[in-house]
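Protein chains in written order, with the UniProt record's numbering: chain G, 1 to 347; chain C, 1 to 347; chain V, 1 to 347.
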Amino acid sequence: MFIQNTWYVAAWSHEIGADGFFARTITGIPVLMYRSADGTVVALEDRCCHRGAPLSLGRREGDDVRCLYHGLKFDCSGTCIEAPAQDRVPPQARVRSFAVVERHRWVWIWMGDAALADPDAIPDTHWLDDPDWRSLPGYIHYDVNYLLICDNLLDFSHLPFVHPTTLGGPESYAKIRPSVERLDNGVRVTRWTMDTDVPPFAAAVKAWPGKVDRWNIYDFTIPGILRMDSGMAPVGTGAHDGQRIDAAEFRGCQALTPETATSTHYFFGHPHNFAIDQPEVTRAIHQSIVEAFDEDRAIITAQQRNLALDPSFNMMAFAMDSALVQFRRIVERYLDAERQGLARSAV
Amino acid sequence: MFIQNTWYVAAWSHEIGADGFFARTITGIPVLMYRSADGTVVALEDRCCHRGAPLSLGRREGDDVRCLYHGLKFDCSGTCIEAPAQDRVPPQARVRSFAVVERHRWVWIWMGDAALADPDAIPDTHWLDDPDWRSLPGYIHYDVNYLLICDNLLDFSHLPFVHPTTLGGPESYAKIRPSVERLDNGVRVTRWTMDTDVPPFAAAVKAWPGKVDRWNIYDFTIPGILRMDSGMAPVGTGAHDGQRIDAAEFRGCQALTPETATSTHYFFGHPHNFAIDQPEVTRAIHQSIVEAFDEDRAIITAQQRNLALDPSFNMMAFAMDSALVQFRRIVERYLDAERQGLARSAV
Amino acid sequence: MFIQNTWYVAAWSHEIGADGFFARTITGIPVLMYRSADGTVVALEDRCCHRGAPLSLGRREGDDVRCLYHGLKFDCSGTCIEAPAQDRVPPQARVRSFAVVERHRWVWIWMGDAALADPDAIPDTHWLDDPDWRSLPGYIHYDVNYLLICDNLLDFSHLPFVHPTTLGGPESYAKIRPSVERLDNGVRVTRWTMDTDVPPFAAAVKAWPGKVDRWNIYDFTIPGILRMDSGMAPVGTGAHDGQRIDAAEFRGCQALTPETATSTHYFFGHPHNFAIDQPEVTRAIHQSIVEAFDEDRAIITAQQRNLALDPSFNMMAFAMDSALVQFRRIVERYLDAERQGLARSAV
């Protein structure tokens, strides 16, 4: 149902403390996360191999985990190293451990074949902790399948309609046809809106002499990772030709991680590289994003209710759906490949 | 699952204001209702053909509707007349529109083939706005399949048991065998209870010299419409022979409209033609009806829970079930006819 | 899905008053219980044969029950003896009645073939009302299948991990291998822990000179009945050899009764035979048991959520699971026998 051999964002770094446990269900699998003594994040299946109890209700013993149902103890590789009532622990007694890489404040997890987990395949989101950029960590939870949120992010023509007072702008924004470029594992969307109004969230944090040229250029790649160069510059200052004079630039990083077939984790940050010594600007930008994403969640959740009323409903593709149709095909291609058991890295 | 080619009550007139939208799910289909500039009620599928978002979260633009997900615009026939990101709108881009007739404070909707929607087939409920009658508009929501409520309304022997302090009367009321007459699209039930106690709700609004002769004469027709001549007159004054001297007369109008397979809308009014210049009488009668219908809802919802525990449970028919067994057969006949694709008006 | 021909605990005696009705769903079947004039408990299917309404929303009429939907009246054998709208009641009009035996404050019910209901097969729990013993009645409700709770009770190695501050004791308790003896309809588990700490709940109600020898000896029999001789005596005073000098003895009685496939009734008492003139001791023991059983419920409910995430999850048997694996096999044997229609008493 979900792509296995790919990197998912499992958590923000700060969600996993030095002590204790952090539990989150990812692609339908309960996952226990914690930091070993050296700070490395460990990720194990949060379901004891014995009778299925959550290890996250258990106890840390150094870098090991004791299940507090019947006392089985697991090391951080997931191997059961102690079973109170017997001397020898059978070698097959273990829980799954997952490859994890912590990078730029995100904890990435590989739910599939660990042998295929190549850290070099993790998308670059360095803006999240680059000293030249500022952002705040965002997370919201959705009660819908992640693909409906992918759809949303792959078609920005919804901005003036869903987000008129936050990310939006004049409705003419929706008339722009973005260019959509096929990548191996997703799509690249490029949208330029020339000589347009400053959107509300940007007007609130920077003075502008008048109209702007605005861009949204992003890669949206499996499993559901958006990395975007966006921003605006005073009209006619050459932004489209590569000059960014007196611009407001952003590097939005967003990640959708399926929790179950009907729920999704959504991680996001929206780094900016201007006014980086003004925390109130960072907070204002973050707050606008949170408000906007709540607007998305309202319409997408209502959409989901409508779709649930009639499982036979067929969406009708319009021109603006080019990117999302391509992306859904790519997801299907990956799922097909995994179904066929091809031991092929999906990145 | 539900009869398509029939008139359902969709709303009370006052629920659909001059501005804005009113949304209600009917027979499993989300429906958007609003009034065009001339006051005519428009009913469209409340699910954008593009990606399924509810149009009711959108925006009025004159008599048109703008979906506030991606900005598609529909006219009041359901035709998409604008799609922001493209010049030409494909002709198949539309949502369903439903035939609607507003009559006597009820808004009737035809969920099936609009070509078959004959306004003359709408049951007469003129007492709801006849100046010689008075009533208040009632609505309650049920979490049960509508047929369980039809059953309830087709067998008034439940009155003394479910409604002892409202509609009821002595338990002998239940001993009366009503006559049940087969109509083309339902049944006519006639029940006379001679020389009986005044039921509590009527005793509260009118003085009575003693016992009464009481009648309940109603047509119950598909899809679930009850229209009733009921009342009582002092015993022996000839009501049964057609004289209604010093009587209290009512013309109950009730309509069951399936929301989903497990939930139902219930519209009702209980017009009376005495004391019409005393609003407190109208209010008292209405309040009694609301209390009584809440009593029905309690027992029917409990019944539904019991049925859900054992889907194989078979109800056992008794003599009192004559009307409801006939009505269920009529419903099946209509459903069969529609399944067989016979283009036959169901009225 | 559940064993039919066996005795289940349906209620504590005090739950069924002299007047009125008590309703509880048992093995998926709604059951109405009440006391006839002579105090005998009657148990009928709480679902009118007519249209399925709960009789428990009805009315007592002497030892009979009047359904307050349409007024059908049933005697305490479940036979319909009156139907308001007709003179003759058809002989097949009845609801199921269930064999019931009230014994030692528990009301036992037989959900299967009443002809097979042998009161002699009811497990002995006389300590619940023996004047030499004291206990308080306990009941909790679980939202899990009853077998997960059986599993819990069949492996006491969880005590130090789930109940460290109530029933527990040092973790070495979990290292003890109990002996497991096969009974015809269950298992007998015997666990001796020599020279061990007094568990917290016992330390709170009795003074101890030092370490103790502790025992838990119980029969766990279908459908889910635990009867336990447990306790502790000062170390080395010969408890293991049959001498119980200055001991604290208990006779725990526990019964699991499936409500539905995903919920369970849990009845329990924990009689003690020391300090029987000190109600505060009885209350303290009871309170410890309730706290401990809430601890069980927390971990088992979490386990259930984990299992629901992956129906294909296979539990892995360890040495400590000997008793529960045997018990599950016995349950399967009974279910198979009933599926094969063998008219065989399951006790």
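Even glycine gets a Cβ: it sits at the ideal position worked out from N, Cα and C.
Tell me which residues share the same chain as residue i and place their Cβ nearer than 7 Å to its Cβ, disregarding the 5 neighbours each side in the sequence.
i       : result
Q304(V) : V144 and L148
M101(C) : Checking the sequence shown, residue 101(C) turns out to be Val, not Met. The answer, listed in chain order, is W108, P119 and I122.
K211(C) : D195, T196, D197 and V235
E181(C) : V187 and R188
A239(G) : D213, W215, A233 and A247
R244(C) : A233
I285(C) : F201, V205, H270 and H272
T190(C) : P178, S179 and I217
T193(V) : Y173, I176 and R214
Flag this pair as yes or no: are the beta carbons of residue i and residue j separated by less than 7 Å?
i       : j       : result
A117(G) : W127(G) : no
D120(V) : H104(V) : no
L335(V) : D151(V) : no
H70(V)  : H158(C) : yes
G52(G)  : T260(G) : no
P200(G) : T165(G) : yes
A233(G) : D219(G) : no
P178(C) : G168(C) : no
I289(C) : H272(C) : no
I300(C) : A255(C) : no
F22(V)  : E15(V)  : yes
N306(V) : R47(G)  : yes
T257(C) : V9(C)   : yes
A302(V) : P54(G)  : yes
R283(G) : C253(G) : no
E332(C) : Q4(C)   : no
T6(V)   : I222(V) : yes
Spatial neighbours of residue i within its chain, please: CB distance less than 6 Å, with the 5 preceding and 5 following residues excluded, ordered by chain position.
i       : result
T79(G)  : R94
F274(V) : A248
E45(C)  : V95 and R96
K206(G) : A248
A114(C) : A99
A174(V) : S157 and P160
A83(C)  : L72 and V89
S263(G) : D143
W133(V) : W127, P271 and N273
T25(C)  : E259
A18(G)  : R35
Taking residue i as the query, report the chain C residues whose CB atoms sit under 7 Å from its CB, ordered along the chain.
i      : result
P30(V) : N306 and L309
Starting from the beta carbon of residue i, find every residue of chain G whose beta carbon is closer than 9 Å, and list them in chain order.
i       : result
R24(C)  : Ordered by position in chain G, no residue passes the 9 Å Cβ test against R24(C), which lies about 12 Å from the chain.
Q278(V) : The premise fails here: Q278(V) is roughly 33 Å from chain G at the closest Cβ pair, so nothing lies under 9 Å.
R47(C)  : Q303, N306, L307, L309, D310 and F313
Identify the contact partners of residue i in chain G, using a Cβ-Cβ distance below 7 Å as the criterion.
i      : result
H50(C) : M315, M316 and F318
For residue i, which residues in chain C fall below 9 Å Cβ to Cβ?
i       : result
A292(G) : What A292(G) touches in chain C: nothing, since even the nearest Cβ is about 14 Å away.
I299(G) : A53, P54, L57, L68 and Y69
Could you name the residues of the same chain whose beta carbon sits closer than 8 Å to that of residue i, not counting the 5 residues immediately before and after it, in chain order?
i      : result
W12(G) : R105, W106, V107, P137, Y139 and F267
M64(C) : Residue identity check: residue 64(C) is Asp in the sequence provided, not Met. Cβ within range, chain order: K73, F74, D75, C76 and I81.
G62(V) : A37
Can you pull the chain V residues whose beta carbon is under 8 Å from the beta carbon of residue i, in chain order?
i       : result
I217(C) : None at all; the shortest Cβ gap to chain V is about 18 Å.
A93(G)  : M316 and F318
In chain V, what lies closer than 7 Å to residue i by C-beta?
i       : result
A337(C) : Here the premise fails: no neighbours, minimum Cβ distance about 27 Å.
Kindly list, in the order they appear in chain C, the residues whose Cβ is closer than 8 Å to that of residue i.
i       : result
Q303(G) : R51, G52, A53, P54 and Y69
What residues of chain G sit near residue i, judged by a beta carbon separation below 8 Å?
i      : result
P84(C) : S157, E171, A174, K175 and M320
Quiz prompt | Any 3 or more C-beta pairs closer than 8 Å across the stretch 318 to 332 of chain G and the stretch 70 to 89 of chain C | solution = yes
Practice problem: Could you please tell me which residues of the stretch 149 to 178 of chain V, in chain order, have their CB closer than 8 Å to any CB of chain G? | Solution: D151, D155, S157, H158, P160, F161, V162, E171, A174, K175, I176 and R177
Self-check item: Cβ-based contacts, 8 Å cut-off: residues of the stretch 240 to 265 of chain G near chain C
Solution: Those residues of the stretch 240 to 265 of chain G that come within reach of chain C (Cβ to Cβ, closer than 8 Å) do not exist; the list is empty.
Quiz prompt | Under 7 Å (Cβ pairs) to chain G, residues found in the stretch 96 to 127 of chain C | solution = none
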